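Q: Sequential numbering from 1 applies to the sequence shown in this note's numbering. All residues carry an ideal CB built from backbone N, CA and C; glycine is no exception. None of these values were measured; they are calculated from a predicted model.
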Amino acid sequence: MSADEAIWVEVLGRHRGVAMRHRCAGRVVRIGRAYSNDVVLDDPYVAPEHLHIVRDETGALVAEDLGSANGLMADRGSVRARRLVLADDTVFRIGHTQLRVRTAGHAVAPERVFGAAVRWWPALAAAGVAMLAVGAAMLWLADYGEFRPANYVVPLLAMAVLVLVWSAVWSVVSRIFAGQARFEANLLIGLAAAVAFEAWYELSEVGAFGLSWGALAAYRYVGFWCILALAAIAHLQQISPGRLAAKAGLIGGLLAIAIAVQVLVQHDPRTGLEESYVRRLMPPAFRLSRVENEDAFFAAVAKLQGELDRDRSEAP
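1. Whole angstroms is fine: what's the gap from residue 226's alpha carbon to residue 155's?
2. At 3 residues or longer, and completely inside the region 81-124: list those beta strand (DSSP E) runs for me, N to C.
3. Given residue 106, which residues of its chain have a CB within under 7 Å of its CB, disregarding the five upstream and five downstream residues?
4. Could you please give me the residues that DSSP links to residue 53 through a beta bridge?
5. Under DSSP, the alpha helix (DSSP H) around residue 166 begins and ends at which residues?
6. For residue 140, which of helix, strand or coil comes out of DSSP?
7. Run through the DSSP bridge pairs and tell me what residue 22 is partnered with.
8. Give every residue of the same chain whose Cβ lies closer than 7 Å to the Cβ of residue 80, excluding the five residues on either side of it in the sequence, and list them in chain order.
9. On the DSSP letters alone, give me the boundaries of the alpha helix (DSSP H) that residue 196 sits inside.
10. If I follow the unbroken alpha helix (DSSP H) through residue 74, where does it start and stop?
11. Which of the three DSSP states, helix, strand or coil, is assigned to residue 40?
12. Do residue 100 and residue 10 come within 8 Å of each other at the CB atom, strictly closer than that value?
13. Counting pairs of Cβ atoms below 8 Å between the region 182-200 and the region 134-142, do you hit three or more?
14. What's the C-alpha gap between residue 103 and residue 248?
15. Classify residue 146 as buried or exposed, calling it buried when 16 or more other Cβ atoms lie within 10 Å of its own Cβ.
16. In whole angstroms, what is the alpha-carbon distance linking residue 111 and residue 22?
17. From residue 201 to residue 220, what distance separates their C-alpha atoms?
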């Protein structure tokens, strides 16, 4: 392999990012743990003389196993190969190390052009104001006593701290796995989720009161879990874009388990979690369902009274 036929052996990281590049020239490129190799790998599952890369009679690059114990595998497969023909995008594995070979003719993407930095603060400010406004409206609708600032400040401050902690945790995870914290993006996702939580809670309350629809309030946690799942998927996309279907499938499975567990707990009579679906009174203007007249109401009461009297007269 002459100088103009030099190749680059890339050692890939966990997420297929390039961890190291080795420029190799010569007729044979040797890879292993021994220092006699052209590419030395610090992987205990790689043999001292694990494989070499040569050009075949057609000029194609070929990786050949040299009789190692753990062999040569194509990409993430588990079937050992004695010989692999390598293209520019072929990923192969020896031990726990993923490798890829590039030639000088491999086309790379054009350079990125410097542009204006993303201005997160307008969006963050708008989302923060929306969260506080919706939260304050919820507290105001539930406040029937004397106005006290602490009744508003403390819950809103607690919500803000919770969102900050949630965003900080995802930023730390992003810093560990992606190398960038992306706190502004994670904070925006957290604020949007908080607004969705508040809006869904209030809509379920209004629906339960105004439409006499008890199931909407009784199963409101389904909406809460769905919002939490969507926020988690958005955070995961910030950490590593791509594989959206796999992430959605994983989070969807956890979502189904969480909802199923809560349904079982709710309907277990021993837990004592049954509650009235109307948790607070609201202005009469919110009442949308038809109001029954007095005759129908007292007829229902009389019917219930008769059933109770009959039950009391029966032997236990």
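A: Working from what's here:
1. The residue given as residue 226 occupies position 226 in the sequence shown. The residue given as residue 155 occupies position 155 in the sequence shown. Each residue's alpha carbon lies about 23 Å from the other.
2. 83-86, 91-94, 97-103
3. Within the sequence shown, the letter at position 106 stands for residue 106. Cβ neighbours of residue 106 beyond the five flanking positions: 88.
4. Residue numbering aside, residue 53 sits at position 53 when the sequence shown is read from its first letter. DSSP, once it has assigned bridges, lists 29, 63 as partnering residue 53.
5. For the purposes of this step, residue 166 is taken as the residue at position 166 of the sequence shown. 150-178 is the extent of the alpha helix (DSSP H) around residue 166.
6. Working through the sequence shown from its first residue, we reach residue 140 at position 140. Three-state result, residue 140: helix.
7. In the sequence shown, counting from the first residue as 1, residue 22 sits at position 22. 9, per the DSSP bridge assignment.
8. Position 80 of the sequence shown holds residue 80. Closer than 7 Å at the Cβ level, and outside the excluded window around residue 80, lie 71, 72, 73.
9. Taking the first residue of the sequence shown as position 1, residue 196 is located at position 196. Unbroken alpha helix (DSSP H) run through residue 196: 183-211.
10. Walking along the sequence shown from the start, residue 74 turns up at place 74. Here residue 74 belongs to no alpha helix (DSSP H); instead the beta strand (DSSP E) covers 72-74.
11. On the sequence shown, residue 40 is found 40 positions in, with the first residue counted as 1. Residue state, collapsed to three classes: strand.
12. For the purposes of this step, residue 10 is identified with residue 10 of the sequence shown, where counting begins at 1. For the purposes of this step, residue 100 is identified with residue 100 of the sequence shown, where counting begins at 1. Yes, Cβ-Cβ distance for residue 10 and residue 100 is below 8 Å.
13. yes
14. Along the sequence shown, read from residue 1 onward, the residue named residue 103 stands at position 103. Along the sequence shown, read from residue 1 onward, the residue named residue 248 stands at position 248. Near 37 Å, if we compare the C-alpha coordinates of residue 248 and residue 103.
15. Residue 146 sits at position 146 when you count from the first residue of the sequence shown. Under this definition residue 146 is an exposed residue.
16. Indexing the sequence shown from 1 puts residue 111 at position 111. Indexing the sequence shown from 1 puts residue 22 at position 22. For residue 111 and residue 22, the distance between alpha carbons rounds to 22 Å.
17. To locate residue 201, count along the sequence shown from 1; it is residue 201. To locate residue 220, count along the sequence shown from 1; it is residue 220. Spanning the two alpha carbons is a distance of roughly 7 Å.
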